[in-house]
Amino acid sequence: MVEESAEERWRRLYDQSSLRAKKFTTLSGIPLAPVYGPEDAEFPGVYPYTRGVHASMYRTKLWTMRMFAGFGVATDTNARFLEIIRSGGTGLSTAFDMPTLLGLDSDDPMSLGEVGRCGVAIDSLADVRDLFAGIDLSRITTSMTINSPAAVMLALFVAQAEEAGVPRATLGGTLQNDILKEYQAQKEFVFPPRQSMRLVRDTITFTAAEMPKWNSISVSGYHIREAGSTAAEELAFTLANGFAYVELALTAGLSVDEVAPRLSFFFNAHIDFFEEIAKYRAARRLWAKWMRDHYGAKDERSWQLRFHTQTAGVSLTAQQPEINVARTAIEALAGVLGGTQSLHTNSMDEALALPSEKAARIALRTQQIIAYETNVANVADPLGGSWFIEELTNEMDLEAEVIFAEVAKMGEGSMLEGCVRGIEENWFQGRISDSAYELERSFNSGERIVVGVNDFTEGNDDEDLATLVITHEDEQKQLKRLAKVRRERSGERVASALERLAHDAGDPTVNVMPALIEAAKAYATVGEMMSALARVFGRYVEVPTL
Amino acid sequence: MSVRVLVAKVGLDGHDRGIKVVARLMRDAGMEVVYTGLFQTPESVAASAIQEDVDVVGLSMLSGAHMTLAPLVVEALRVRGSDIPVVVGGIVPPGDVELLGELGVAAVFGPGSSAEEIVGTITGIVSHST
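Top to bottom, those sequences are chains E and R. Quick note: the first sequence uses the working numbering, first residue 1, plus one each step. Quick note: the second sequence uses the working numbering, first residue 1001, plus one each step.
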């Protein structure tokens, strides 16, 4: 039998795909092919997927317009979610407040001033119930951006769904659950790295066994980039972390094909347009090669890197904030031309405050213009074959391989060990700070221009943009909600659930998820569950370095 | 003598890009910089500032808790009998800048502040207060 060529394979897959329109033409009526290139080119939907994971790309389905939202108490965020759905958003993404991200209750002394600020405050099952009230979770997929307490939040989500009569096996969504990048970049950690990885392992094995539609980890480069890395570092650190999670699952007895298809990725869309597109293309190619050749994955879904994109918060300016709409549009376009599966566009006011409703709507409208007016979604990988893009893709690929080799060296061949040691030895953190510093120096010296900041500043004194005001009342409201939960639950049931949780955490052969779900159903708080785990795991303190 | 600065992250906000970059730029400008690390309390920052005998305390805040936490740092210093000035850098909505001034914060540096501006302002505050 003659082996199918890449083009033939692509054609077969394309012909099997359902399409969202009968014909695809330019605005002036010129018919468009689904993809362009010579017969011997790479094709989308075919290994190594440089040109996209699907043969038909956005001709079948546009990317998911997944807007990240969360503030105040659960009912406030629920109202914003409903508004997003009414405005045509097709996915939800939950932002939690700082106390929740660090596994603290709203009434913890350290939470003072932070409750409901950067996201929604979640203390117990009661809050999760209100958060998703009136939302059909079978139609809208949900992403939960939480890491250190990811296992706790998953338990709360499962408990809430089961209380509402929805079996866990039918739940679809994504847990960020990427703890490695927390130590490297975002710094919202609680337990030491190795103990945290035990929790990640438990969520991977639990979802593999019981939640077939759930993405267990969203391996995130976004925060690495926001913390100051270069594009190639973002790419390489993120994929290295992805390899580490695959190896973690292998140590837990899963096969690569049981874990890899459940990993999704999350990248930044920064302002250097072509570099970003090259980064996404290289990411797909590298992941496919490593999964197939290094880890021996047989299932094609293991080879396919699917990713979410968010435009770069760090590229936005407080000066002349309205011009951030233009920056975000360019960044979003890079994400789309790079083949993203979902996209969050930042609001113009993000260098000033949490997004106002109007600013968030304009950000969503920006995606809708790209999706419905520009016609860029009609052809897969439209820049593929450009000498420049192909060369830049190769450069990204090479630079990433150099970094993989360094990580593997730190781990004596193991990417899992290399990532953990790299964190313990401050290697990732040091590289990220160095890159951030170099970039800042180039802005300070005027070598690089940021419009409105170090040049073109006329207009900086214009009237201030109206921004979202979060009052102290939200904190008081949440404290009242929490007090009510504590008053009405059975203290005895909570105590025994927490005791079981600590016991299970102390035995590394046991999966903590069942104990967490039991505690969630007993209305144990996030802080109580995290404290029970911390008694066993200890807490991590980062050595301050500049 | 060079200006001594304590830079600190108070509360739960883990965003440390700004503080690290600014600390290095201040060092480049000849300042001595001490970094507390993450997740400090107003009390721990005040205690470190006094112990390290710094000329100024710089807080980096992104999470929106500045109105609560920055005045608490000022207060923690004052109840310990210290008049060390406190400056804030980060995401601070325009309306809050003046309020922070009224609550005893000596300067606020928003996004896009240049190294020159930060170093110049801090030097001015220190020479004014000593």
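C-beta atoms are modelled at their ideal positions from N, C-alpha and C, and glycine is treated no differently. All values derive from a computational prediction rather than experimental measurement.
Its chain contains 256, 257, 260, 291 and 303 as the residues whose beta carbon lies nearer than 7 Å to that of residue 297/E, once the 5 sequence neighbours on both sides are disregarded; these appear in chain order. Counting the other CB atoms within 10 Å of its CB gives residue 524/E a total of 16 or more, which places it among the buried residues. For residue 1106/R, same chain residues with a beta-carbon under 7 Å away, outside a window of 5 residues either side, are 1085, 1086, 1087 and 1125 in chain order.
Taking C-beta atoms under 8 Å as the contact rule, residue 37/E and residue 339/E fail to qualify, at a distance of about 15 Å. When beta bridges are read from the DSSP output, residue 1035/R appears opposite 1007/R. DSSP places residue 481/E inside the alpha helix (DSSP H), whose first and last residues are 472 to 488. Here residue 235/E really is in contact with residue 400/E; their C-beta atoms are around 5 Å apart, less than 8 Å. Under DSSP, residue 266/E forms a beta bridge with 220/E and 308/E. For residue 418/E, the enclosing alpha helix (DSSP H) has its first and last residue at 415 to 424. DSSP, reduced to helix, strand and coil, places residue 202/E within a helical segment of the structure shown.
Under the three-pair Cβ rule at 8 Å, the segment 50 to 66 of chain E counts as touching the segment 324 to 341 of chain E.
By the Cβ-count criterion, residue 167/E is exposed, with fewer than 16 other Cβ atoms from all chains shown falling within 10 Å of its own Cβ.
Considering only beta carbons, the part of the segment 314 to 326 of chain E lying closer than 7 Å to chain R consists of 317, 318 and 319, in chain order.
Residue 543/E sits exposed, since fewer than 16 C-beta atoms from the chains shown fall within 10 Å of its C-beta. One finds 1035, 1036, 1037 and 1038 in chain R with Cβ atoms closer than 8 Å to the Cβ of residue 544/E, taken in chain order.
Per DSSP, reduced to three states, the secondary structure at residue 1107/R is strand. Rounded to the nearest whole angstrom, the CA to CA distance from residue 1054/R to residue 1123/R is 13 Å. In the three-state scheme derived from DSSP, where H, G and I count as helix and E and B as strand, residue 132/E is classed as coil.
The three-state secondary structure of residue 520/E, taken from DSSP, is helix. The straight-line gap separating the alpha-carbon atoms of residue 226/E and residue 313/E is approximately 7 Å. Residue environment analysis places residue 1051/R among the exposed positions, since fewer than 16 neighbouring C-beta atoms fall within 10 angstroms of its C-beta.
In this structure, residue 432/E lies away from residue 176/E, with their beta-carbon atoms at least 8 Å apart. The Cβ-Cβ distance between residue 308/E and residue 218/E falls below 8 Å. If you ignore the 5 residues before and after residue 128/E, its C-beta comes within less than 7 Å of the C-beta of 122, 156, 157 and 160, all in its own chain and listed in chain order. For residue 536/E, the closest alpha carbon among the candidates 519/E, 507/E and 527/E is that of 507/E. In the three-state reduction of the DSSP assignment, residue 176/E falls in the coil class. Take the alpha-carbon of residue 505/E and the one of residue 522/E: they are about 18 Å apart. According to DSSP, residue pairing for residue 503/E in a beta bridge does not occur.
The C-alpha of residue 110/E lies about 16 Å from the C-alpha of residue 482/E. When 496/E, 332/E and 245/E are compared, the shortest CA-CA separation from residue 274/E is found for 332/E. Not flagged as an interface residue toward chain R: residue 62/E, since no C-beta distance is shorter than 8 Å.
The segment 1033 to 1052 of chain R makes no contact with the segment 1090 to 1106 of chain R, as fewer than three CB pairs between them are under 8 Å. Linking residue 81/E to residue 151/E through their CA atoms gives a straight-line distance of about 23 Å. For the segment 95 to 124 of chain E, the residues whose beta carbon sits under 8 Å from a beta carbon of chain R are, in order, 98, 99, 101, 102, 104, 110, 111, 112, 113, 114, 117 and 118. The Cβ-Cβ distance between residue 68/E and residue 93/E falls below 8 Å. The Cβ atoms of residue 34/E and residue 59/E lie closer than 8 Å to each other.
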